[in-house]
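Numbering-wise, this note's numbering puts 152 at position 102 of the sequence shown, and it's gapless, one number per residue. C-beta: ideal position from N, C-alpha, C; glycine also. See below for the structure under consideration.
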Amino acid sequence: MWIALHLKADATLHTAALFVHLASLILGFGAVLAVDYYGALWLRGRKTLREVLDFTGPLHVPVWLGLGGLLFSGAFLHPDLGSPLTCLKLVLVLVLSLNGVQASALHRRLAAVDGGPVGPSLLIRSAVTAAVSQGAWWGAVVIGFLNSRH
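Listed below in structure tokens is the structure:
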């Protein structure tokens, strides 16, 4: 936020920041989509929990790298911090960040099941985590698109 308030990016820096922003979106959100897709396959009985955990574990790194790149590059894209939409986007980014921390803890809890039955509370937590993830990411993407048109 400090960067967005105190630094005015010229056209070249703005273009570079936009490229980094889009690349970070592809990296982070692409990994999130893969994680949530595999989670949905598990919830539908199409993948085992072990398969899902083995596949999704390494994807936490690109999710966080993408989110970090989005936060950093977004500061150079002249966000209108007085806009209610931009404020909502910042809230969504906070929600998806906190959900990501919670998702990492959930991953560890599911790994601790180690082939045993997964209780209803973990199933519900998994579904809610995926729903919050998708809602926050898609909401931020839509707001970013709407803000880019101004």
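Start-to-end residues for the alpha helix (DSSP H) that takes in Ala66: Following the DSSP letters along the chain, one finds Ala66 inside the alpha helix (DSSP H) bounded by residues Ala61 to Leu93.
For Ala181, three-class secondary structure by DSSP: Three-state result, Ala181: helix.
Trp52 in three-state terms, based on DSSP: Bear in mind that a pLDDT of 48 at Trp52, under 50, signals an unreliable position, so the number given afterwards is only what the model happens to contain. Three-state DSSP puts Trp52 in a helix.
Range of the contiguous alpha helix (DSSP H) that encloses Leu127: Here Leu127 belongs to no alpha helix (DSSP H), and DSSP marks it neither H nor E.
Beta-carbon proximity check, Val102 vs Trp92, cutoff 9 Å: If you check the CB distance, Val102 and Trp92 come in under 9 Å.
Leu138 vs Ile193 beta-carbon contact at 9 Å: Their beta carbons are under 9 Å apart, which means Leu138 touches Ile193 by this criterion.
Coil, strand or helix - Thr106 by DSSP: In this structure, Thr106 counts as helix in the three-state DSSP scheme.
Alpha-carbon spacing of Arg175 relative to Val168, whole angstroms: Just so you know, the alpha carbons of Arg175 and Val168 end up roughly 11 Å apart.
Cα-Cα separation between Val151 and Tyr87, rounded to whole angstroms: Between the alpha carbons of Val151 and Tyr87 lies a gap of roughly 19 Å.
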